[in-house]
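Asks: Following this message is one structure expressed as structure tokens.
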Amino acid sequence: QNLYEDSVGWYKTVLHIDKPHDYYTALRFEGVYMDSTIYVNKTKVFEWKYGYSTFEVPVDEYLQEGDNEILVKVVHLAPNSRWYSGAGIYRPVYLIRKNRQRFLPDGIYIHSERDKSGYVSVITAETDTTACNENARIRAWITDASGDTVTEAVTALPEEEIIISNQTAKEWSLTAPNLYYLQIELFDVLCNKVYDRDCIRFGYRTLTFTTDRGFFLNDEYVKIQGAALHHDLGSLGSAVNKTAIRRQLKI
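Sequential numbering from 87 applies to the sequence shown in our numbering.
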């Protein structure tokens with residue numbers, strides 16, 4: 087019966103911030119269950135009503151020079167799920183400070199398809215165009231596991247899509263999990279100042295699902311094996327525990 091008890095929890099911390107209005111500043115929450123409200127210096131700045139997704143809260147306009155009080159209110163309402171969902175902040179929280187000329191949160195995506203000459207990747211990079219001028223450029227290059235550059239391209243804003251090819255790509259497979267790294271920068275072409283950068287690990291592969299023959303990885307049949315694992319860890323609760331997750335995968 088206590089499993090379905092309603093409750094309210096509060097988290098508090100103090101952040102010391104220098105030059106609070108010179109940068110984009112945000113709090114990024116990877117997971118808070120269930121309904122959350124964020125306060126900065128006694129001011130309500132954000133609400134999030136879903137407990138299973140990441141969200142990012144811009145806070146720079148509410149900050150002051152020096153110490154800043156951050157409060158997080160979490161409301162747990164029951165019943166709400168098929169299993170024990172936990173309550174409160176159950177994933178990491180990050181303080182993000184960037185130049186105002188930046189990539190948007192989760193704004194970089196790479197999609198690769200195989201053609202006759204190798205693989206072609208379409209890279210989408212969303213930026214804060216209101217803070218960028220006509221000199222802003224996006225530079226993207228792909229490196230292999232040794233750090234060697236295999237292909238690269240540059241585009242000018244407002245274009246946010248880059249097409250880049252790799253004719254020597256080694257495919258990712260179960261027996262040869264080859265991985266590459268997308269390196270991407272937002273920079274000023276005149277002074278070569280880098281405003282923002284990111285690195286995304288990925289692999290080249292093709293996936294084919296058929297109704298009569300099953301699943302094919304890189305044109306080879308693969309029998310899918312696995313288990314449905316929810317985010318909770320039984321009696322250990324819902325806060326992420328890497329050791330426990332590794333144990334689940336091993337057994």
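We treat Cβ as the ideally placed atom computed from N, Cα and C, and that holds for glycine. Small disclaimer: the values here were computed from a predicted structure and weren't measured.
Let me know if Q187 comes out buried or exposed under the rule of 16 or more other beta-carbons within 10 Å of its beta-carbon.
Replies: As a position in the sequence shown, residue 187 is number 101, starting the count at 1. Answer is buried; the Cβ neighbour count reaches 16.
Asks: Any idea if D282 is buried or exposed, counting beta-carbon neighbours within 10 angstroms, 16 or more meaning buried?
Replies: The sequence position of residue 282 within the sequence shown is 196, counting from 1. Label assigned to D282: buried.
Asks: Around the C-beta of L272, are 16 or more other C-beta atoms found within 10 angstroms, so that it is buried, or is it exposed?
Replies: Sequence index remark: in the sequence shown, residue 272 carries index 186 (1-based). Counting Cβ neighbours within 10 Å, L272 comes out buried, since at least 16 surround it.
Asks: Give the range of the alpha helix (DSSP H) segment to which S210 is assigned.
Replies: Reading the sequence shown from its first residue, position 124 is the one you call residue 210. According to the sequence displayed, residue 210 carries Thr and not Ser. Per DSSP, T210 belongs to no alpha helix (DSSP H); it is in the beta strand (DSSP E), G204 to T213.
Asks: Give every residue of the same chain whose Cβ lies closer than 8 Å to the Cβ of D146, excluding the five residues on either side of it in the sequence, and list them in chain order.
Replies: If you number the sequence shown from 1, residue 146 lands on position 60. So the list reads P106, H107, Y109, Y110, T111 and A112, once near-sequence residues are dropped.
Asks: Please confirm whether T216 and E246 have their CB atoms less than 8 Å apart.
Replies: To locate residue 216, count along the sequence shown from 1; it is residue 130. To locate residue 246, count along the sequence shown from 1; it is residue 160. No, these two residues do not count as a Cβ contact at 8 Å.
Asks: For R183 and P144, I'd like the C-alpha separation in whole angstroms.
Replies: The residue labelled residue 183 in the question sits at position 97 within the sequence shown. The residue labelled residue 144 in the question sits at position 58 within the sequence shown. Taking the straight line joining both Cα atoms gives about 10 Å.
Asks: In angstroms, rounded to a whole number, what distance separates the CA positions of I248 and E133?
Replies: By 1-based counting over the sequence shown, the position of residue 248 is 162. By 1-based counting over the sequence shown, the position of residue 133 is 47. About 34 Å.
Asks: Can you look up Y170 in the DSSP assignment and give me helix, strand or coil?
Replies: Working through the sequence shown from its first residue, we reach residue 170 at position 84. In the structure shown, Y170 sits in coil (DSSP, three-state: anything other than H, G, I, E or B).
Asks: Along the beta strand (DSSP E) that carries L291, what are the first and last residues, could you check?
Replies: Within the sequence shown, numbered from 1, the residue matching residue 291 stands at position 205. A small correction: the amino acid at residue 291 is Arg; Leu does not occupy that position in the sequence shown. It is not in any beta strand (DSSP E) - R291 carries neither H nor E in the DSSP assignment.
Asks: With H, G and I counted as helix, E and B as strand and the rest as coil, what does DSSP make of Y136?
Replies: On the sequence shown, residue 136 is found 50 positions in, with the first residue counted as 1. Correct three-state label for Y136: coil.
Asks: List the endpoints of the continuous beta strand (DSSP E) containing A330.
Replies: If you number the sequence shown from 1, residue 330 lands on position 244. Segment K328 to K336 is the alpha helix (DSSP H) holding A330; no beta strand (DSSP E) there.
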